[in-house]
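The structure appears below as structure tokens.
Protein chains: 2
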Amino acid sequence: MKDSILVYSGGMDSTTLLYDEADRIGLAVFFNYGSKHNPTEIKYAQHNADKLEIPFKVIDLREVFSHFKSNLLEGGDAIPKGHYEDESMKKTVVPFRNGIMMAIASGIAESNAFRRVLLASHFGDHAIYPDCRQMFSNAMKTAVYEGTWEHIEICTPYTELTKREIALLGTQMDKLDYRMTWSCYEGGHTHCGECGTCTERKEALEGFDKTTYLV
Amino acid sequence: MKDSILVYSGGMDSTTLLYDEADRIGLAVFFNYGSKHNPTEIKYAQHNADKLEIPFKVIDLREVFSHFKSNLLEGGDAIPKGHYEDESMKKTVVPFRNGIMMAIASGIAESNAFRRVLLASHFGDHAIYPDCRQMFSNAMKTAVYEGTWEHIEICTPYTELTKREIALLGTQMDKLDYRMTWSCYEGGHTHCGECGTCTERKEALEGFDKTTYLV
Chain A
65 MKDSILVYSG GMDSTTLLYD EADRIGLAVF FNYGSKHNPT EIKYAQHNAD
115 KLEIPFKVID LREVFSHFKS NLLEGGDAIP KGHYEDESMK KTVVPFRNGI
165 MMAIASGIAE SNAFRRVLLA SHFGDHAIYP DCRQMFSNAM KTAVYEGTWE
215 HIEICTPYTE LTKREIALLG TQMDKLDYRM TWSCYEGGHT HCGECGTCTE
265 RKEALEGFDK TTYLV
Chain B
65 MKDSILVYSG GMDSTTLLYD EADRIGLAVF FNYGSKHNPT EIKYAQHNAD
115 KLEIPFKVID LREVFSHFKS NLLEGGDAIP KGHYEDESMK KTVVPFRNGI
165 MMAIASGIAE SNAFRRVLLA SHFGDHAIYP DCRQMFSNAM KTAVYEGTWE
215 HIEICTPYTE LTKREIALLG TQMDKLDYRM TWSCYEGGHT HCGECGTCTE
265 RKEALEGFDK TTYLV
């Protein structure tokens, strides 16, 4: 039963969820919000959706996010280096981005007879991104459930998992190849290896045989 | 202190709120989501924002809402006639529209150092639009509060007022002229007088001296 939409970025976490819930995902939605790494992410997202024969849609939010401020966005200042939990990494916050993506995906779900919206926020995001935390997710779940006629369900199954635990899950999936996922905030052709999300990716994948953290 | 953003449609309710909170509104945001009456609404919204010298921004969501289904949208079936609470009026629901507008406005608020997001949903909307009800609004308030660093506050001061009560409030405001607001779902040059929102507008404004319901 294809009853779910996935908010899909082409990164490690949402790609793991794509393979994890492939049987139920009827649509993978990529939000192009004008980040420096969106153009690179799209290619990896499209690749995995195609591989699993899951319909894939890009929603263009660049005009909307032109009214936002964040170093993650095109036109913003440089991406900070260092560890994910560092204070400087707060500059990569795009205000209420997850709330916006969940809200739009919920409307698309109700419009197209889907019942669930999946999103792969995880425990490591909590320090920097308030819209990845459990208290936010729980309230948003209620808002979407109450605010839709069909009581659309928001599912964030990885909220209490670390990225390492997600990687442990993903490396046991035959078809999933983490080399075909993208993390780096810089975009480009190879991972920079120095930004917060590259650092986090390296730590999550360290020691796994069949994966390399850089592509 | 200009600490607030208004989600502003140019209709009776949000125009009343615009005048009511003019001292604190630093930005009025109009969401063009591709409805049949958006092009007409914009002119009225712009007029009132200009009159109060409040900065006015149009956010173009037409591409996003092209993935939605509703009779209210361009390309959808005909707008149903009749009373606002009728079952047929459910066809004018745009799934989770208020949730989406609140989410985007909250991100813009946090990006631009505003503290509050105002939205003029009212009691008469409850029967048809689940994302106008108190249970939705309360959960969304929590989601936005928890999901933003600065704890952005969502304010829906008219949730428990009827449209008639809003009109009573508005007709006591010197500068506000309801002839310079737009309600009709059909768009065009004059109110059709037959759709749900025209019927509701007539009932709300009936008997007031200085207003006429049609423009």
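Taken in sequence, the protein lines are chains A and B. In this note's numbering, each number is its position in the first sequence, counted from 1, plus 64. In this note's numbering, each number is its position in the second sequence, counted from 1, plus 64. Even for Gly, the Cβ is constructed at its ideal location relative to N, Cα and C.
Euclidean distance between Cα positions of residue i and residue j
i, j, result
"Glu85 (chain A)", "Met237 (chain A)", "11 Å"
"Ser201 (chain B)", "Phe132 (chain A)", "24 Å"
"Met76 (chain A)", "Thr235 (chain A)", "11 Å"
"Lys348 (chain B)", "Lys121 (chain A)", "This structure leaves residue 348 (chain B) out entirely; chain B is present only between 65 and 279."
"Thr232 (chain A)", "Thr80 (chain A)", "The sequence shown places Leu at residue 232 (chain A), not Thr. Cα-Cα distance, rounded: 10 Å."
"Leu82 (chain B)", "Ile143 (chain A)", "38 Å"
"Ser175 (chain A)", "Gly271 (chain A)", "44 Å"
"Leu183 (chain A)", "Ile106 (chain B)", "34 Å"
"Lys100 (chain B)", "Lys66 (chain A)", "32 Å"
"Val181 (chain A)", "Pro194 (chain A)", "19 Å"
"Asn135 (chain A)", "His147 (chain B)", "49 Å"
"Gly98 (chain A)", "Ser247 (chain A)", "15 Å"
"Ile164 (chain A)", "Ile164 (chain B)", "6 Å"
"Asp87 (chain A)", "Phe129 (chain A)", "32 Å"
"Ala268 (chain A)", "Ile123 (chain A)", "29 Å"
"Ala173 (chain B)", "Leu116 (chain B)", "20 Å"
"His190 (chain A)", "Phe95 (chain A)", "21 Å"
"Arg161 (chain B)", "His255 (chain A)", "37 Å"
"Arg243 (chain B)", "Thr223 (chain B)", "23 Å"
"Phe187 (chain A)", "Arg197 (chain A)", "8 Å"
"Arg265 (chain A)", "Lys239 (chain A)", "19 Å"
"Glu127 (chain A)", "Glu127 (chain B)", "10 Å"
"Tyr249 (chain A)", "Tyr72 (chain A)", "16 Å"
"Ser25 (chain B)", "Ile218 (chain A)", "This structure does not reach residue 25 (chain B), given that chain B is present from 65 up to 279, and the question cannot be answered."
"Arg179 (chain B)", "Ile89 (chain A)", "37 Å"
"Pro119 (chain A)", "Asp241 (chain B)", "49 Å"
"Glu229 (chain A)", "Tyr108 (chain A)", "22 Å"
"Glu151 (chain B)", "Thr263 (chain A)", "54 Å"
"Ser208 (chain B)", "Leu225 (chain B)", "Looking at the sequence itself, residue 208 (chain B) is Val, so the reference to Ser does not match. Cα to Cα, the separation comes out at about 23 Å."
"Thr104 (chain A)", "Thr104 (chain B)", "39 Å"
"Gln110 (chain B)", "Leu91 (chain A)", "37 Å"
"Asp114 (chain A)", "Gly139 (chain A)", "31 Å"
"His253 (chain B)", "His253 (chain A)", "53 Å"
"Ser68 (chain A)", "Ser68 (chain B)", "36 Å"
Closest Cα partner of residue i within the set the options
i, options, result
"Leu141 (chain A)", "A:Lys155, A:Asn102, A:Cys259 and A:Ala184", "The displayed chain sequence assigns Asp, not Leu, to residue 141 (chain A). Measuring from the Cα of Asp141 (chain A), the nearest candidate turns out to be A:Lys155."
"Leu70 (chain A)", "A:Ser170, A:Gly251 and A:Val128", "A:Ser170"
"Gly251 (chain B)", "B:Met153, B:Tyr97, B:Ile164 and B:Asn102", "B:Asn102"
"Asn112 (chain A)", "A:Glu224, A:Val93 and A:Phe129", "A:Val93"
"Glu258 (chain A)", "A:Tyr222, A:Ile172 and A:Lys145", "A:Lys145"
"Ile192 (chain A)", "B:Ile118, B:Pro119 and B:Glu214", "B:Glu214"
"Ile216 (chain A)", "A:Gln110, A:Pro119 and A:Ala177", "A:Ala177"
Residue i Cβ short of 6 Å to the ligand HEM heavy atom set
i, result
"Thr156 (chain B)", "You won't find the ligand HEM in this model; it holds no ligand whatsoever."
Integer-rounded CB distance, given that residue j should sit under 8 Å from residue i
i, j, result
"Val158 (chain A)", "Leu125 (chain A)", "Contact doesn't hold; Cβ gap of about 10 Å is too wide."
"Thr220 (chain A)", "Ser185 (chain A)", "5 Å"
"Thr206 (chain B)", "Ala203 (chain A)", "4 Å"
"Gly281 (chain B)", "Thr261 (chain B)", "Nothing can be reported for residue 281 (chain B), as the shown portion of chain B is limited to 65 through 279."
"Glu210 (chain A)", "Met199 (chain B)", "4 Å"
*Can you list, in chain order, the residues of the stretch 80 to 103 of chain A whose Cβ is nearer than 8 Å to any Cβ on chain B?*
Contacts with chain B (Cβ-Cβ distance below 8 Å) from the stretch 80 to 103 of chain A involve no residue at all.
*With 8 Å as the C-beta to C-beta threshold (strictly closer), list the residues of the stretch 147 to 172 of chain A near chain B in chain order.*
Answer in chain order: Lys154, Val157, Val158, Pro159, Phe160, Arg161, Asn162, Gly163, Ile164, Met166, Ala167, Ile168, Ser170, Gly171 and Ile172.
_Quick check for students: name the residue ranges of the beta strand (DSSP E) that lie wholly in the stretch 82 to 113 of chain B, counting only runs of 3 or more._
Within the stretch 82 to 113 of chain B, complete beta strand (DSSP E) segments of at least 3 residues are found at 89 to 96, given in chain order.
*Please specify which runs of the beta strand (DSSP E), each continuous and at least 3 residues long, are wholly inside the stretch 172 to 212 of chain B, giving them in chain order.*
Taking only runs of at least 3 residues, the beta strand (DSSP E) segments lying wholly in the stretch 172 to 212 of chain B are 180 to 182.
*Could you name the residues of the stretch 182 to 202 of chain B whose beta carbon sits closer than 7 Å to any beta carbon of chain A, in the order they occur along the chain?*
Across the stretch 182 to 202 of chain B, CB contacts with chain A closer than 7 Å involve Pro194, Asp195, Arg197, Met199 and Phe200, in sequence order along the chain.
*Ignoring anything shorter than 3 residues or poking outside the stretch 108 to 144 of chain A, list the beta strand (DSSP E) runs there in chain order.*
Secondary structure remark: continuous beta strand (DSSP E) runs of at least 3 residues inside the stretch 108 to 144 of chain A, in chain order: 120 to 124.
*Identify each residue in the stretch 102 to 129 of chain B for which the Cβ-Cβ distance to at least one residue of chain A is less than 9 Å, and report them in chain order.*
Taking 9 Å as the Cβ-Cβ cut-off against chain A, the residues of the stretch 102 to 129 of chain B that qualify are Lys121, Ile123, Asp124, Leu125, Glu127, Val128 and Phe129.
*Using a beta-carbon distance cut-off of less than 8 Å, what residues from the stretch 243 to 276 of chain A approach chain B?*
Taking 8 Å as the cut-off between beta carbons, none of the residues of the stretch 243 to 276 of chain A comes near chain B.
*Residues in the stretch 132 to 143 of chain B with C-beta within 8 Å of chain A's C-beta atoms, listed in sequence order?*
Look at the stretch 132 to 143 of chain B: the residues with a C-beta under 8 Å from a C-beta of chain A are Phe132, Lys133 and Ser134.
*Give, in chain order, every unbroken run of the alpha helix (DSSP H) that is at least 4 residues long and sits entirely within the stretch 224 to 251 of chain B.*
Here the runs fully enclosed are 227 to 234.
*Mind listing which residues of the stretch 221 to 239 of chain A have their C-beta closer than 9 Å to chain B's C-betas, in chain order?*
For the stretch 221 to 239 of chain A, which is checked against every Cβ of chain B, not one residue is closer than 9 Å.
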